[in-house]
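Report on one structure; see the data block that follows.
2 protein chains.
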Amino acid sequence: MTTRPTRQLHLNAFLMGVGHHEAAWRHPRTSSADVTDVRHYQRLAQVAERGRLDSVFFADGLALRGNVRHNALGGLEPLTLLAALAAVTEHIGLIATVSTTYNEPFHVARKFASLDHISGGRAGWNIVTSASEAEAHNFGIERPTHSDRYARATEFLEVVTKLWDSWEDGAILGDHHSGNYADTDRIHTLDHIGPHFRVRGPLNTSRPPQGHPLLVQAGSSEDGKEFAARFAEAVFTAQQTLADGQDFYADLKSRLGRYGRSEDELLILPGISPIIGSTEREALQLERELEELIIPEYGVHQLSNILGVDLSDHPLDARLPEVPPATDGQQSRVKLVTDLAEREQLTLRQLIGRLAGGRGHRVVTGTPEQIADQIEEWFVNGAADGFNIMPPVLPGGLEDFVDHVVPELRLRGLFRTDYEGRTLRQNYGLARPGSIFDQKVPVAS
Amino acid sequence: MTTRPTRQLHLNAFLMGVGHHEAAWRHPRTSSADVTDVRHYQRLAQVAERGRLDSVFFADGLALRGNVRHNALGGLEPLTLLAALAAVTEHIGLIATVSTTYNEPFHVARKFASLDHISGGRAGWNIVTSASEAEAHNFGIERPTHSDRYARATEFLEVVTKLWDSWEDGAILGDHHSGNYADTDRIHTLDHIGPHFRVRGPLNTSRPPQGHPLLVQAGSSEDGKEFAARFAEAVFTAQQTLADGQDFYADLKSRLGRYGRSEDELLILPGISPIIGSTEREALQLERELEELIIPEYGVHQLSNILGVDLSDHPLDARLPEVPPATDGQQSRVKLVTDLAEREQLTLRQLIGRLAGGRGHRVVTGTPEQIADQIEEWFVNGAADGFNIMPPVLPGGLEDFVDHVVPELRLRGLFRTDYEGRTLRQNYGLARPGSIFDQKVPVAS
Ligand SMILES: Cc1cc2nc3c(=O)[nH]c(=O)nc-3n(C[C@H](O)[C@H](O)[C@H](O)COP(=O)(O)O)c2cc1C
Ligand SMILES: Cc1cc2nc3c(=O)[nH]c(=O)nc-3n(C[C@H](O)[C@H](O)[C@H](O)COP(=O)(O)O)c2cc1C
């Protein structure tokens, strides 16, 4: 149809329990016992790999958020889960969310280094700073402020990357004859001392195959974008309109120069929840079925949480009331939700329906061609380097995407037919970083 | 040969890189690249499962200990690794070491709950308090004292077990019709407030299949034994002589009553490193080959670390000098080493050779029958409920054990020919604990 760019899309399967639609567990296409069943996730990773997607991605939080009365929560910790997925896949990237606010750099560096070894270079870390108060209460502290969380995250990243670098490439000799296993001149302490951390090092897991596992980030505040521009190699984002997507894209890419980075060193991947039917009618039918399974009181409860206002007495069929701007934590999400309600003049009930599908991410309902059109539009018009695919129901929604949308994207020359390399960095077209301790940095010539 | 007890041995494969002998990586039967190769560990877990062993077990520390110049260190973090082993096995238990001194109960509860779900009830936790100073330096704190570490461990266990209990059995309804996923009256906050932790809960991973993953412990100090008597269901220990093994066994079992527990609720599993040959001569040959690969200076360095005395100027062929008793941390290990040197009148070089094999654990060299004799002797004479098998070289040493010693133990009626159940608790013959929050506790009748 339009141009045939040689530039290729990057596609992740963003996986969540039995689907991203919050009523997914009630739909006949899902089985709610799958929430804690590793075989369900293994099958999903294999389906995504069959479609040659770049990676699977798991979000995470450190508290039982939302209302478990009506939502299928209580699933598995992503890092542990991904090791079990590594064992049954060969090429697909494996991205886990881990918070910098409630963890220690040594543990995080080590676990991702281990996952990277286990998967042969397929690990990625979605770095989050944990916005909710509920999470703080599971770790015995007051929730740090937004800027403190990002300050800690920044130092956290400095330490973690140095720990990954602490074994230079080539530090392992394995020389049976001399008995020298490693060249200890190439294994380094950090002696990091900073406001948040004091870490001596070295790491006790050798350098990960990718040098550094892929760094992903998903904050949209000023601090979040600055952090992404400095560290992230992929950014996940929720954008509702092409114009907003383009603004975000241009804004973030323009920040990279400040950190000595070029635009192709960071991929921007908005979320999209595709509700797929072989006809438009069938797609709308699935959308309606899911909407009818929403429990309205639960939606009100969730929305109240996001907005920081109690909406439980607000009439469902009235417009959303004025909401005070968030001062902390959920800034970007609050803005996204209030803009959406304002732009489309939604009632509380309608807004709940829209959020139940993608929690603020874009929901696109239609045929494979219609969905491919949307993906292509954003991709060729400077709003995306690819997408986080958020199937409303799992496994079916991912199978539909892989079997019907992916072939359409291939027909248009937008997506790979086979993996080019073996590591996640290679899927993403990103370079492998050297160690900052590497003594063999080539002399400028 | 002797009696045919119906009581059955419990056997774990204690796995460590390419073998427990510190020079294993230099031996032709190993490949040092295996240290970070998941396929190596997957193969080992499958060999252990073929032998119907109870579990595989990985030790762990949070610093690069020992001297990486001469030892194949830098391997994988055990919990992450075990998830990848779960994916290729069906019955064998999966025990990972995690420290209570440098972790948060919420994370630890969640990761083990996840591993337990992923493995269908095969997770076990070897609880350690991290004795070394090097570990403290990776977490920015001064190493807490021995008694502080055990005080923290005790509160840590209270919190973790309550987090596992926070979803009662039966809390998940999955009722599609009403839209009730869970019965929120059966999911509980803990609101734990103690000297070390404040944790609100509930956990955001549902109750593990085993109720609680199996609790294992390996301290031998007074505090350590008291802790084990209260919480542990299996104890790993290093004992050199039958008499010491019997004393330890009787001592620990006698402490259980204090906590309302019976003797069969805790299994005592000493370590044994079997150097196996089809003839005694062949076994001695392997032992000698390994000894000749030891780097003496490295052995001196390690021994100095264990004993807290610098031995680098001490002549290799002189007896071990007087060593001041340890006041903290390594108490039980120091005693074990000095007793061994004293009892057998060992020179520094000889002591190093003995420790290189099993780091304080018993090394038994001989034919499969001779090794089975030793196992049986301890088992029938009140020194062991089973053993931690520590192959000197891997994978070969484990294959030899499974193919030659296990059949011999079966001939004697001491070891299972097939798994009785599917969970690690069932392998160990231990009950599944209920939730302390369970409202359906039967009324005394
Ligand atoms: C696609 C996407 C995925 C996210 N996943 C997580 C997550 O898994 N866990 C989490 O705590 N926050 C998650 N977030 C929230 C952000 O990482 C970030 O913490 C939050 O937006 C607050 O930061 P900000 O103010 O910089 O936007 C996600 C956001 C987006 C857009
Ligand atoms: C078989 C065995 C395995 C052990 N594994 C570990 C380990 O993996 N990590 C660790 O830090 N300590 C390990 N230890 C040490 C003990 O758990 C304990 O921390 C140490 O002995 C000090 O405690 P204690 O003074 O109570 O003996 C092990 C000890 C034994 C006997």
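So the sequences go chain by chain: S and A.
For what it's worth, UniProt numbering labels the leading residue of the first sequence as 1, then goes sequentially.
For what it's worth, UniProt numbering labels the leading residue of the second sequence as 1, then goes sequentially.
Where a beta carbon is used, it is the ideal one built from N, C-alpha and C, also for glycine.
Can you find a C-beta in chain A that's less than 7 Å from the C-beta of Lys-111 of chain S? For the purposes of this step, residue 111 of chain S is taken as the residue at position 111 of the first sequence. By this cut-off, Lys-111 of chain S is an interface position.
Contact check, residue 449 of chain S vs Ile-95 of chain S under 8 Å by CB: the rounded distance? Chain S is shown only over 1 to 445; residue 449 of chain S falls outside these bounds and no answer can be derived.
Got a sec? Which residues, its chain only, sit under 6 Å from Ser-445 of chain A by beta carbon, not counting five neighbours each side? What you label residue 445 of chain A is simply residue 445 of the second sequence in a count that begins at 1. Bear in mind that the predicted position of Ser-445 of chain A carries a pLDDT of just 39, short of 50, making it unreliable; the figure below should be weighed with that in mind. Sequence-distant partners of Ser-445 of chain A (beyond 5 residues in either direction) whose C-beta falls short of 6 Å from its own C-beta are missing from its chain.
How is Gly-124 of chain S classed by DSSP in three states: helix, strand or coil? Indexing the first sequence from 1 puts residue 124 of chain S at position 124. Residue state, collapsed to three classes: strand.
Decide if Thr-367 of chain S is buried, meaning its Cβ has at least 16 other Cβ atoms within 10 Å, or exposed. Residue 367 of chain S sits at position 367 when you count from the first residue of the first sequence. Buried, because 16 or more other Cβ atoms sit within 10 Å of the Cβ of Thr-367 of chain S.
Any non-hydrogen atom of ligand 2 within 6 Å of Asp-60 of chain A CB: Within the second sequence, residue 60 of chain A is the residue found at index 60, counting from 1. Proximity of the beta carbon of Asp-60 of chain A to ligand 2 is indicated: a heavy atom of the ligand is located closer than 6 Å.
Using CA coordinates, which residue listed in S:Ile-127, S:Pro-321, S:Leu-79 and S:Val-309 is at the minimum distance from Leu-348 of chain S? Residue mapping note: residue 348 of chain S aligns to position 348 of the first sequence, counting from 1. The candidate whose alpha carbon is nearest that of Leu-348 of chain S is S:Pro-321.
Proximity below 7 Å, CB of Val-364 of chain S to CB of Ile-294 of chain S: As a position in the first sequence, residue 364 of chain S is number 364, starting the count at 1. As a position in the first sequence, residue 294 of chain S is number 294, starting the count at 1. Cβ distance not < 7 Å, so Val-364 of chain S and Ile-294 of chain S don't count as in contact.
Of the listed residues S:Thr-241, S:Leu-286, S:Gln-302 and S:Phe-57, nearest to residue 446 of chain S (C-alpha basis): Only positions 1 to 445 of chain S appear in this structure, which leaves residue 446 of chain S out of reach.
What residues are listed by DSSP as bridge partners for Trp-25 of chain S? The residue you call residue 25 of chain S lines up with position 25 of the first sequence. None, per the DSSP bridge assignment.
Taking 7 Å as the CB-CB limit, is Pro-392 of chain S close to chain A? The sequence position of residue 392 of chain S within the first sequence is 392, counting from 1. It does not: the Cβ of Pro-392 of chain S has no partner Cβ on chain A nearer than 7 Å.
Assign Pro-392 of chain A to buried or exposed, taking buried as 16 or more other Cβ atoms, counted over all protein chains shown, within 10 Å of its Cβ. Indexing the second sequence from 1 puts residue 392 of chain A at position 392. Label assigned to Pro-392 of chain A: buried.
Give the list of continuous alpha helix (DSSP H) stretches no shorter than 4 residues that lie fully inside the region 226 to 275 of chain S. 242 to 255
Below-7 Å beta-carbon distance, Pro-213 of chain S vs any chain A residue: If you number the first sequence from 1, residue 213 of chain S lands on position 213. For Pro-213 of chain S, the answer is no, since every Cβ of chain A falls outside 7 Å of its Cβ.
Say yes only if the C-beta of Asn-224 of chain A is nearer than 6 Å to one or more non-hydrogen atoms of ligand 2, and no if none qualify. For the purposes of this step, residue 224 of chain A is identified with residue 224 of the second sequence, where counting begins at 1. Contrary to the premise, residue 224 of chain A reads as Gly rather than Asn in this sequence. Within the cutoff, so yes.
Could you list the residues in the region 39 to 64 of chain S with a C-beta less than 8 Å from some C-beta on chain A, going in chain order? Under the 8 Å Cβ criterion, the region 39 to 64 of chain S contributes Gln-42, Gly-61, Leu-62, Ala-63 and Leu-64.
Backbone CA spacing between Ala-383 of chain A and His-404 of chain A [nearest angstrom]: By 1-based counting over the second sequence, the position of residue 383 of chain A is 383. By 1-based counting over the second sequence, the position of residue 404 of chain A is 404. Ala-383 of chain A and His-404 of chain A: Cα-Cα distance of roughly 23 Å.
Quick check: is any heavy atom of ligand 1 less than 6 Å from the C-beta of Ser-221 of chain S? On the first sequence, position 221 is the one that residue 221 of chain S refers to. Result yes, Cβ under 6 Å from ligand 1.
In the DSSP assignment, find the unbroken alpha helix (DSSP H) run with Leu-163 of chain A in it and report its ends. Mapped onto the second sequence, residue 163 of chain A falls at position 163. Unbroken alpha helix (DSSP H) run through Leu-163 of chain A: 146 to 165.
What is the C-beta distance between Trp-164 of chain S and Ile-187 of chain S, in whole angstroms, given that I count them as a contact (C-beta under 8 Å)? Residue mapping note: residue 164 of chain S aligns to position 164 of the first sequence, counting from 1. Residue mapping note: residue 187 of chain S aligns to position 187 of the first sequence, counting from 1. Not quite, the Cβ-Cβ distance comes to about 12 Å (not below 8 Å), so this is no contact.
If you drop the 5 nearest sequence neighbours on each side, which residues of the same chain put their C-beta closer than 7 Å to that of Arg-410 of chain A? Position 410 of the second sequence, counted from the first residue, corresponds to residue 410 of chain A. Closer than 7 Å at Cβ, skipping near neighbours: Thr-417.
Mind listing the chain S neighbours of Leu-355 of chain A? Cutoff is C-beta to C-beta under 7 Å, in chain order. Within the second sequence, numbered from 1, the residue matching residue 355 of chain A stands at position 355. Here the premise fails: no neighbours, minimum Cβ distance about 17 Å.
Could you give the DSSP three-state label for Asn-427 of chain A: helix, strand or coil? Position 427 of the second sequence, counted from the start, is the residue given in the question as residue 427 of chain A. Correct three-state label for Asn-427 of chain A: helix.
Hey, would you say Val-216 of chain S sits closer than 7 Å to Val-159 of chain S, going by beta carbons? Taking the first residue of the first sequence as 1, we reach residue 216 of chain S at position 216. Taking the first residue of the first sequence as 1, we reach residue 159 of chain S at position 159. Against a cut-off of 7 Å, the Cβ pair of Val-159 of chain S and Val-216 of chain S comes out as no contact.
Would you please verify whether the beta carbon of Thr-74 of chain S is less than 7 Å from any beta carbon of chain A? Walking along the first sequence from the start, residue 74 of chain S turns up at place 74. Reading off the sequence, residue 74 of chain S comes out as Gly, not Thr. Among the CB atoms of chain A, one or more fall inside 7 Å of the CB of Gly-74 of chain S.
Kindly say whether Ile-312 of chain S, judged by its beta-carbon, lies nearer than 7 Å to any beta-carbon of chain A. For the purposes of this step, residue 312 of chain S is identified with residue 312 of the first sequence, where counting begins at 1. The sequence given here places Ser at residue 312 of chain S; Ile does not occur at that position. Taking Cβ atoms only, chain A never reaches closer than 7 Å to Ser-312 of chain S, which makes this a no.
Comparing C-alpha positions only, which one of A:Arg-432, A:Trp-378, A:Gly-224 and A:Pro-144 sits nearest to Ile-246 of chain A? In the second sequence, the residue the question calls residue 246 of chain A occupies position 246. Before going on, a small fix: residue 246 of chain A reads as Gln here, not Ile. Looking at the Cα atoms, A:Trp-378 is the closest of the given residues.
Proximal chain A residues relative to Gly-19 of chain S, where beta-carbon distance stays under 8 Å: For this step, residue 19 of chain S is matched to residue 19 along the first sequence. What Gly-19 of chain S touches in chain A: nothing, since even the nearest Cβ is about 13 Å away.
Residue 446 of chain S, enclosing beta strand (DSSP E) - first and last residue: Residue coverage of chain S in this structure runs from 1 to 445, which leaves residue 446 of chain S outside it and unanswerable.
Check whether the Cβ of Gly-179 of chain A sits closer than 6 Å to any heavy atom of ligand 1, and report yes or no. By 1-based counting over the second sequence, the position of residue 179 of chain A is 179. Flag unset: Cβ of Gly-179 of chain A not near ligand 1.
Could you give the distance in angstroms between the alpha-carbon of Pro-195 of chain A and the alpha-carbon of Ala-151 of chain A? Counted from its first residue, the second sequence places residue 195 of chain A at position 195. Counted from its first residue, the second sequence places residue 151 of chain A at position 151. If I take the Cα positions, the gap works out to 9 Å.
Using 6 Å as the cut-off, classify the Cβ of Gln-302 of chain A as near or not near the heavy atoms of ligand 2, replying yes or no. The residue labelled residue 302 of chain A in the question sits at position 302 within the second sequence. Not under cutoff, so the answer is no.
State the Cα-Cα distance for the pair Ser-332 of chain A and Met-390 of chain S, rounded to the nearest angstrom. The residue given as residue 332 of chain A occupies position 332 in the second sequence. The residue given as residue 390 of chain S occupies position 390 in the first sequence. Answer to the nearest angstrom: the Cα atoms are 54 Å apart.
Mind reading off the beta-carbon distance from Gly-386 of chain A to Leu-267 of chain A? Whole number of angstroms is fine, and I expect it under 8 Å. In the second sequence, counting from the first residue as 1, residue 386 of chain A sits at position 386. In the second sequence, counting from the first residue as 1, residue 267 of chain A sits at position 267. Yes, they are in contact, since the Cβ atoms of Gly-386 of chain A and Leu-267 of chain A sit about 6 Å apart, within 8 Å.
Would the beta-carbon of Gln-331 of chain A be found less than 6 Å away from any heavy atom of ligand 2? As a first step, residue 331 of chain A is located in the second sequence; it is residue number 331 there, counting from the start. Gln-331 of chain A Cβ: within cutoff of ligand 2.
Just to check, is the beta-carbon of Val-130 of chain S closer than 6 Å to a non-hydrogen atom of ligand 1? Locating residue 130 of chain S in the first sequence gives position 130, counting from the first residue. Note that residue 130 of chain S is Ser in the sequence shown, not Val. For ligand 1, at least one heavy atom lies less than 6 Å from the Cβ of Ser-130 of chain S.
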